[in-house]
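First comes the structure, then the notes that go with it.
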Amino acid sequence: MKNQLSDRINRLPVSQTLAMAAKARELKLQGKDIISLSLGEPDFNTPDFVKDAAIKAITNNYNSYTPVNGYIALREAICRKFERDNKLRYNINQIVVSTGAKQALANVAMVLLNPDDEVLLPAPYWVSYEAMINLAEGIPVPIATTIDNDFKITPQQLEAAITPKTKLIFFNSPNNPSGSVYSKEEYRALADVLVKYPNIYIISDEIYEHILFKGTNFSFARFKDMYNRTITVNGVSKSFAMTGWRIGYIGAPEWIAKACNKMQGQITSGANCIAQMATIAALDAPVSKIKFMVNEFKTRRDLVLDLLSKIKGFKLNEPEGAFYVFPNISYYFGKTIAGSKINNASDFSLLLLEKANVATVTGEAFGAPNCIRLSYATSQDLLVEAIKRISNLLNS
Ligand code: PMP
Ligand code: GLU
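Per the working numbering, the sequence shown starts with residue -15, numbered consecutively.
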């Protein structure tokens, strides 16, 4: 049958992270012993105090449509959170609650971009940024980084990428997939470039803010000269092990928040009411309640770095946050392993899946074609076993 779908959807690539996770699930169902290091999803249970708040909301008949931008009580809790954790002052009209940070980000792209507006994307970048920009008819402009610079862009690179058409930059620290974290000084150096270009807006995706192994998280909007141009994005998926609850949010200039509210008023009518009530409990809790998860992630990071660095051809940076490692494996390009010729990172990732039963994600999906991503949001035993399998395969 002729393809009747729109050009828009035909052009849209599938999310490689979700596709790899689906593939791993499918192979497991077929009885294969797959270890999935593909998805960025905490393997902890949602904390009991959050679940209790959700149960209470159900019992108390929270079942109606909520305000499109989220319950006032939740937006107030988000304002408290921003002030407590990020020293950012927002009022409730600057907050929009969405169906995950993913929708929050997509809203912003849709409300700010006109066709052919350019959007700067420090690479590696999270898979969905590029697709969102394309859907909004903007033009993604990747800025390549190197592992030797900890996958961070420099102010010089930023300035060189700016043109009169630049409208937006997607900034993400702690970074998915590299785990890199920008220091306050590095933020300031980038801000010093951006102040010269007042028409550029900044998306600051801080969803991994608490999954941080040293130092403190900084926010673009902390700078007075950036506040009115920054959309701060966050959510509870990662910090509170609530990926399936689908709650994310922004703090933004009021006119942008208003536009996002209008956008989702036509698309989702707002986020799930029970999950919104649970999120109030999550955000009002002291950060110490999730410290045990962060500690465990740090132990796993150290374990994974130690084991992977012993494998020939794995070049690693030291991630300071999030729960991914992003080794450069280009050493293997052009080589034949277990009968398969490796031409690129996708071949390598496929090799690991097919011959070592370990699911990873190709760096090509993140705009970094020499790397692969491994998520260490899984148990230490499974991580050890997965890396043993990889090592055995590559040594064979
Ligand atoms: N931003 C980044 C950098 C992410 O890794 C993710 C992954 N889920 C998201 C946003 C979206 O998170 P969610 O939609 O689950 O809130
Ligand atoms: N953000 C996670 C990841 O990068 C979840 C999957 C997704 O939403 O893309 O794996």
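Ideal placement from N, C-alpha and C gives every residue a C-beta, glycine not left out.
Identify, in the order they occur along the chain, each residue of the same chain with its Cβ nearer than 7 angstroms to the Cβ of residue i, setting aside the five sequence neighbours on each side.
{"i": "Gly305", "result": "Pro158, Gly163, Val165, Tyr192, Ile195, Leu196 and Phe197"}
{"i": "Tyr316", "result": "Gly297, Ile326 and Phe332"}
{"i": "Arg230", "result": "Thr83, Gly84, Ala255, Asn256 and Ala259"}
{"i": "Val95", "result": "Ile240, Ala243, Cys244 and Met247"}
Quick check on the DSSP output: the alpha helix (DSSP H) that includes residue i runs from which residue to which?
{"i": "Glu121", "result": "From DSSP, Glu121 is part of no alpha helix (DSSP H); its letter is neither H nor E."}
{"i": "Tyr171", "result": "Lys168 to Leu178"}
{"i": "Ile42", "result": "Asp32 to Thr43"}
{"i": "Val95", "result": "Gly84 to Leu96"}
{"i": "Asp290", "result": "Lys275 to Ser293"}
{"i": "Asp(-9)", "result": "Asp(-9) to Arg(-5)"}
Closer than 7 angstroms to a non-hydrogen atom of ligand 1 - does that hold for the CB of residue i?
{"i": "Leu378", "result": "no"}
{"i": "Thr227", "result": "yes"}
{"i": "Gly24", "result": "yes"}
{"i": "Ser221", "result": "yes"}
{"i": "Ile189", "result": "A quick correction: the sequence has Asp, not Ile, at residue 189. Yes."}
What residue range does the beta strand (DSSP E) around residue i cover?
{"i": "Glu102", "result": "Glu102 to Pro106"}
{"i": "Phe204", "result": "Note, Phe204: premise wrong, no beta strand (DSSP E); not H, not E."}
{"i": "Gly54", "result": "No beta strand (DSSP E) contains Gly54, which DSSP labels as neither H nor E."}
{"i": "Arg357", "result": "Ile356 to Ser359"}
{"i": "Leu2", "result": "Looking at the DSSP string, Leu2 is not in any beta strand (DSSP E); the run it does join, the alpha helix (DSSP H), is Gln0 to Leu13."}
{"i": "Leu142", "result": "Careful: Leu142 lies outside any beta strand (DSSP E), inside the alpha helix (DSSP H) at Pro139 to Ala145."}
{"i": "Asp189", "result": "Tyr185 to Asp189"}
{"i": "Leu152", "result": "Thr150 to Asn156"}
Is any heavy atom in ligand 2 found nearer than 7 angstroms to the beta carbon of residue i?
{"i": "Lys86", "result": "yes"}
{"i": "Asn160", "result": "yes"}
{"i": "Ser(-10)", "result": "no"}
{"i": "Trp382", "result": "Because the chain spans -15 through 380 in this model, residue 382 falls outside it and cannot be assessed."}
{"i": "Leu2", "result": "yes"}
Suppose the cutoff is 8 angstroms on Cβ atoms and the five residues either side in sequence are ignored; what does the same chain contact list for residue i look like?
{"i": "Leu(-4)", "result": "Ala115, Asn118 and Leu119"}
{"i": "Gly199", "result": "Val165, Ser167 and Glu304"}
For residue i, which residues in the same chain have their Cβ closer than 6 angstroms to its Cβ, ignoring the five residues on either side in sequence?
{"i": "Pro124", "result": "Val103, Leu105, Glu114 and Ile117"}
{"i": "Pro237", "result": "Asn212"}
{"i": "Met277", "result": "Phe28"}
{"i": "Asp189", "result": "Asn156 and Val217"}
Measure from the C-beta of residue i to each C-beta in chain E and report whether the shortest distance is under 8 angstroms.
{"i": "Ser253", "result": "Within the model displayed, chain E is absent; a lone protein chain is all it includes."}
> Which residue spans inside the region 222 to 273 form an unbroken alpha helix (DSSP H) run of at least 4?
Replying inline: The region 222 to 273 is shown to contain whole alpha helix (DSSP H) runs of 4 or more residues at 238 to 249 and 257 to 268, in chain order.
> Taking the runs of the beta strand (DSSP E) that are 3 residues or longer, which of them lie wholly in the region 339 to 378?
Replying inline: For the region 339 to 378, whole beta strand (DSSP E) runs of length 3 or above, ordered along the chain, are 356 to 359.
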